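**Student:** Per this note's numbering, the sequence shown starts with residue 55, numbered consecutively. Handing you this structure, nothing more for now.
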Amino acid sequence: MIFHKTPHIYTGEVYLNVTNLDRSIRFYKEVIGFKVLEEHSNKVVLTADGQTPLLIIEQPENVKPKEFHKSGLYHFALLLPERADLGAIIKHFVQHNVRLGASDHLVSEALYLSDPDGNGIEIYTDRDPSEWNWENGQVVMRTDPLDGESIVAESAGRTWEGLPDGTIMGHVHLHVAHLPETESFYTALGFEVVTTYPQALFMSSGKYHHHLGLNTWNGVGAPRPSAESAGLQSITLIYPKEAVLEETIEKVRAIGAKVDSFGNGYRTEDPSGNKMILRIEE
55 MIFHKTPHIY TGEVYLNVTN LDRSIRFYKE VIGFKVLEEH SNKVVLTADG QTPLLIIEQP
115 ENVKPKEFHK SGLYHFALLL PERADLGAII KHFVQHNVRL GASDHLVSEA LYLSDPDGNG
175 IEIYTDRDPS EWNWENGQVV MRTDPLDGES IVAESAGRTW EGLPDGTIMG HVHLHVAHLP
235 ETESFYTALG FEVVTTYPQA LFMSSGKYHH HLGLNTWNGV GAPRPSAESA GLQSITLIYP
295 KEAVLEETIE KVRAIGAKVD SFGNGYRTED PSGNKMILRI EE
């Protein structure tokens, strides 16, 4: 997990709006395996290690069901420390009849599912970076069938006890309206394109296979969801030091994006209205 610490820029906690907080708490604890770090009347902070916030779920007063075919969250992706951890959670999902998608992306092995509001979730492990294949400056990724049997075999003797302590927010994948202006925005944030798919870009810092996925699979020009829609509230991007963050803020403002101070960092949004918090590593 060398790509999720200094000197790289990487993804931190994700904030979601949900329609039924109690239902979502049960799902994220019992199905996904989070622990509750903080609990408030309308908001819960979830963690894997008991210390680091990874997911914040909130039930706003006037929240409405998630609006689909809009910009917003495609999925957030939890990166597990070991392949055996993925095997353990596969066994857990099978025992609880959880509906799953699964893919081998060459750089990683991944499971896909949705929460009760339709927010996409990926749970994955990375292959060693020495096994990633780069061609003409782009990392090779595919969507191949997952060898679930060998992954489960690797977890022999291991029981599922929730998300392992070393789980982190590996990446976030967003629906956007237009790729060219989106690429310019995230380039200003410090990321570079590392591979492309039809109607999609994958961008990273430090040659990770991707910290951000960006697609127009909901349609070119996809509109923004209403402010009341369940779904993405914001993502967090973490910078290695104050000087890098301040330089980034200048670049973002130079392309005409609005940036506001927010707590110990800043808040901005991409051209499709996907909101994000920018802060330095704690």
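We put the CB at the ideal spot given by N, CA and C, even for glycine. None of the values given here were measured: they were computed from a predicted structure.
What is the rounded straight-line gap between the Cα of D158 and the Cα of V313?
**Tutor:** Looking up residue 158 in the sequence shown gives position 104. Looking up residue 313 in the sequence shown gives position 259. Using only the alpha carbons, I get a separation of about 38 Å.
**Student:** With a threshold of 6 Å on Cβ separation, who are the neighbours of H62 within its own chain once the five nearest residues in sequence on each side are excluded?
**Tutor:** Working through the sequence shown from its first residue, we reach residue 62 at position 8. Contacts found: S259, G260.
**Student:** Taking the beta carbon of S162 as the centre, do at least 16 other beta carbons fall within 10 Å, making it buried, or is it exposed?
**Tutor:** By 1-based counting over the sequence shown, the position of residue 162 is 108. Buried, by the Cβ-count rule.
**Student:** Counting Cβ pairs, one atom from each stretch, are 3 or more of them under 8 Å apart for the stretch 95-109 and the stretch 319-328?
**Tutor:** no
**Student:** Grab me the residues of F122's own chain with a C-beta within less than 8 Å of its C-beta, minus the 5 sequence neighbours each way, in chain order.
**Tutor:** Within the sequence shown, numbered from 1, the residue matching residue 122 stands at position 68. Excluding five sequence positions before and after F122, the CB atoms of its chain that fall closer than 8 Å to its own CB belong to G172, N272, given in chain order.
**Student:** When you compare only the Cα positions, how much space is there between D223 and E235?
**Tutor:** The residue you call residue 223 lines up with position 169 of the sequence shown. The residue you call residue 235 lines up with position 181 of the sequence shown. It should be noted that the sequence gives Met, not Asp, for residue 223. The straight-line gap from Cα to Cα measures roughly 25 Å.
**Student:** Helix, strand or coil: which one does DSSP assign to R212?
**Tutor:** Numbered from 1 along the sequence shown, position 158 holds the residue referred to as residue 212. Of the three classes helix, strand and coil, the one that applies to R212 here is coil, per DSSP.
**Student:** Just to check my reading of the structure: I292 and Y64 have Cβ atoms closer than 8 Å, yes? What is that Cβ distance to the nearest angstrom?
**Tutor:** Residue mapping note: residue 292 aligns to position 238 of the sequence shown, counting from 1. Residue mapping note: residue 64 aligns to position 10 of the sequence shown, counting from 1. About 6 Å; that satisfies the 8 Å criterion.
**Student:** My parser needs the beta strand (DSSP E) runs of 3 or more residues fully inside the stretch 81-110; what are they?
**Tutor:** 89-93, 97-101
**Student:** Could you give the uninterrupted runs of the beta strand (DSSP E) lying entirely in the stretch 228-282, keeping only those of 3 residues or more?
**Tutor:** 246-251, 254-258, 266-269
**Student:** Using the Cβ count rule (16 or more neighbours within 10 Å means buried), how would you classify D182?
**Tutor:** As a first step, residue 182 is located in the sequence shown; it is residue number 128 there, counting from the start. By the 10 Å Cβ count, D182 comes out exposed.
**Student:** Under 8 Å: do the stretch 89-99 and the stretch 130-144 share three or more Cβ pairs, one atom per stretch?
**Tutor:** no
**Student:** Using a threshold of 8 Å, state whether the C-beta atoms of P170 and H232 are closer than that.
**Tutor:** Stepping through the sequence shown from its first residue, residue 170 is reached at position 116. Stepping through the sequence shown from its first residue, residue 232 is reached at position 178. Result no, Cβ atoms of P170 and H232 do not sit closer than 8 Å.
**Student:** Relative to the C-alpha of K89, which residue among N71, T73, I110 is closest?
**Tutor:** Within the sequence shown, residue 89 is the residue found at index 35, counting from 1. Out of N71, T73, I110, I110 has the C-alpha closest to the C-alpha of K89.
**Student:** Counting along the chain, where does the alpha helix (DSSP H) carrying G141 start and finish?
**Tutor:** Counting from 1 along the sequence shown, the entry for residue 141 is found at position 87. 137-149 is the span of the alpha helix (DSSP H), which, as asked, contains G141.
**Student:** Along the chain, where does the alpha helix (DSSP H) containing T7 start, and where does it finish?
**Tutor:** Summary: the structure shown does not reach residue 7, with the chain confined to residues 55 through 336, and so no result is reported for it.
**Student:** Below 6 Å CB to CB, which residues in the same chain sit around Q339 once its five sequence neighbours on both sides are set aside?
**Tutor:** What the structure shows of the chain is the stretch from 55 to 336, and residue 339 is not part of that stretch, so it cannot be assessed.
**Student:** Between which two residues does the alpha helix (DSSP H) holding T302 run?
**Tutor:** Your numbering for residue 302 matches position 248 in the sequence shown. Looking at the DSSP string, the run of the alpha helix (DSSP H) that includes T302 is 296-308.
**Student:** In three-state DSSP terms, what is R321?
**Tutor:** On the sequence shown, position 267 is the one that residue 321 refers to. It is a strand residue.
**Student:** Where does D76 fall in DSSP's three states?
**Tutor:** In the sequence shown, counting from the first residue as 1, residue 76 sits at position 22. In the structure shown, D76 sits in a helix (DSSP, three-state: H, G or I).
**Student:** Does the Cβ-Cβ distance between L217 and G66 come in under 8 Å?
**Tutor:** By 1-based counting over the sequence shown, the position of residue 217 is 163. By 1-based counting over the sequence shown, the position of residue 66 is 12. Not closer than 8 Å, so no.
**Student:** Report the residue from V298, E84, L266 whose alpha carbon sits nearest the alpha carbon of M330.
**Tutor:** Here residue 330 is taken as the residue at index 276 of the sequence shown, counted from 1. Out of V298, E84, L266, L266 has the C-alpha closest to the C-alpha of M330.
**Student:** For the candidate residues V248, A164, I303, V226, whose alpha-carbon lies nearest to that of N328?
**Tutor:** Within the sequence shown, numbered from 1, the residue matching residue 328 stands at position 274. Minimum Cα distance to N328 is reached at V226.
**Student:** For E215, count the other beta carbons within 10 Å of its own beta carbon; 16 or more makes it buried, fewer makes it exposed. Which is it?
**Tutor:** The count along the sequence shown starts at 1 and reaches residue 215 at position 161. With fewer than 16 Cβ atoms within 10 Å of its Cβ, E215 is classed as exposed.
**Student:** Contact defined as beta carbons within less than 8 Å: I believe V274 pairs with H263. What is the distance between those atoms, to the nearest angstrom?
**Tutor:** On the sequence shown, position 220 is the one that residue 274 refers to. On the sequence shown, position 209 is the one that residue 263 refers to. In fact, because the Cβ distance is near 25 Å, the residues do not count as touching under 8 Å.
**Student:** Keeping to the same chain, check which residues put their C-beta closer than 7 Å to that of V85; ignore five residues upstream and five downstream.
**Tutor:** On the sequence shown, position 31 is the one that residue 85 refers to. H150, V152.
**Student:** Counting only runs that start and end within the stretch 164-216, where is the beta strand (DSSP E) found for 3 or more residues in a row?
**Tutor:** Entirely contained in the stretch 164-216, the beta strand (DSSP E) runs reaching 3 residues are, in chain order, 174-180.
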